[in-house]
Amino acid sequence: MSSYERFAHVYDELQTDIPYNLYVDWVVQHAPSSQYPTLLDIGCGTGVLSLLFAQAGYNVSGIDLSEEMLSIAAERFAGAGYHAPLYCMSMDELDGFEALDVITITIDSLNYVVKDQAVYTTLERIHHALRDGGQLFFDVHSLFKMEVIFLDGPFTYDDGDISYIWHTEPADFEHSVTHQMTFYVRDAASGLYERFDEEHVQRTFSIEQYITWLRAIGFSDVEITADFTDEAPENESERIFIRAVK
Numbered sequence: 000m001s002s003y004e005r006f007a008h009v010y011d012e013l014q015t016d017i018p019y020n021l022y023v024d025w026v027v028q029h030a031p032s033s034q035y036p037t038l039l040d041i042g043c044g045t046g047v048l049s050l051l052f053a054q055a056g057y058n059v060s061g062i063d064l065s066e067e068m069l070s071i072a073a074e075r076f077a078g079a080g081y082h083a084p085l086y087c088m089s090m091d092e093l094d095g096f097e098a099l100d101v102i103t104i105t106i107d108s109l110n111y112v113v114k115d116q117a118v119y120t121t122l123e124r125i126h127h128a129l130r131d132g133g134q135l136f137f138d139v140h141s142l143f144k145m146e147v148i149f150l151d152g153p154f155t156y157d158d159g160d161i162s163y164i165w166h167t168e169p170a171d172f173e174h175s176v177t178h179q180m181t182f183y184v185r186d187a188a189s190g191l192y193e194r195f196d197e198e199h200v201q202r203t204f205s206i207e208q209y210i211t212w213l214r215a216i217g218f219s220d221v222e223i224t225a226d227f228t229d230e231a232p233e234n235e236s237e238r239i240f241i242r243a244v245k
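Oh and the sequence shown: position 52 is 51 in numbering that gives the first Met the number 0, straight run, nothing missing.
Laid out in structure tokens, this is it:
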């Protein structure tokens, strides 16, 4: 799992196409925030979505494996006049939370957990941390995206200040890829570009496997949709959305 060390400082500029508001709408639709429910944002990153949840009326806390990401998130919350407890923690080691109303793992964060048992343990620990009736919301890459779209690279990006070349190739696990990214970031003072490299591994599983795990752990009312719609996934859906109730 990547620590996002240098990546943390360019992450937000590369995520401008993420429809964060649709994630908030998805959660609010099923878990209204009128009574200020507790929400744990797993893989909260730099806190963009976490802050939107707080502004929507949730009592937010967050965990992430990257201290650099959490530092940016803390500054973001403070700058907006909010406070959210933030913890550096791996999601498969989730501990210290109980009776939560909502837990989210968004923007394919769960795909960074690549071992079967670690994914199961993550879902199991989430189940333990939720109250009865509490809800889990997460999204993952589809098999189609992992095995077709990601392998149709390389991908490039250049806005003058940040450039990258992004190569993908199959990784060691079934339904997994290695993202190899080379970044060039322009220094505002000198005008020179600094290079750094990142390597991330992601893995997904079939929808049936996620459902099997969730039901074995004790979740009910498992709902599956795709691509920010209320529709069921199709063969070429790219992002799978899963909601489950404890």
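All residues carry an ideal CB built from backbone N, CA and C; glycine is no exception.
Per the Cβ contact rule, the region 216-232 is not in contact with the region 104-112 (fewer than 3 Cβ pairs under 8 Å).
Leaving aside the five residues that flank V118 on each side, the residues in its chain whose CB is nearer than 8 Å to its CB run, in chain order, D91, L109, V112, F204, W212. When DSSP states are grouped into helix, strand and coil, A83 belongs to the coil group. Between G42 and I106, the C-beta gap is smaller than 9 Å, which places the two residues in contact. Here the alpha carbons of I161 and T155 stand approximately 11 Å from one another. Rounded to the nearest angstrom, the gap between the Cα atoms of E230 and V27 is 18 Å.
By the neighbour-count criterion, in which 16 or more other beta carbons inside 10 Å mark a residue as buried, T228 falls on the exposed side. Taking 3 residues as the shortest admissible run, the region 50-108 contains the following complete beta strand (DSSP E) segments, listed from N- to C-terminal end: 58-63, 85-87, 99-104. Annotated three-state conformation of A243 is strand, per DSSP. Rounded to the nearest angstrom, the Cβ distance from S33 to F143 is 37 Å, too far for a contact under 8 Å. Segment contact: the region 122-130 against the region 87-102, three or more CB-CB distances shorter than 8 Å; contact assigned. DSSP, reduced to helix, strand and coil, places A225 within a strand of the structure shown. In the DSSP assignment, E123 falls within the unbroken alpha helix (DSSP H) covering 115-128. Distance from the CA of L122 to the CA of I216, rounded to the nearest whole angstrom, comes to 8 Å. The closest CA to that of W25, considering only L135, H174, A73, T167, is found on L135.
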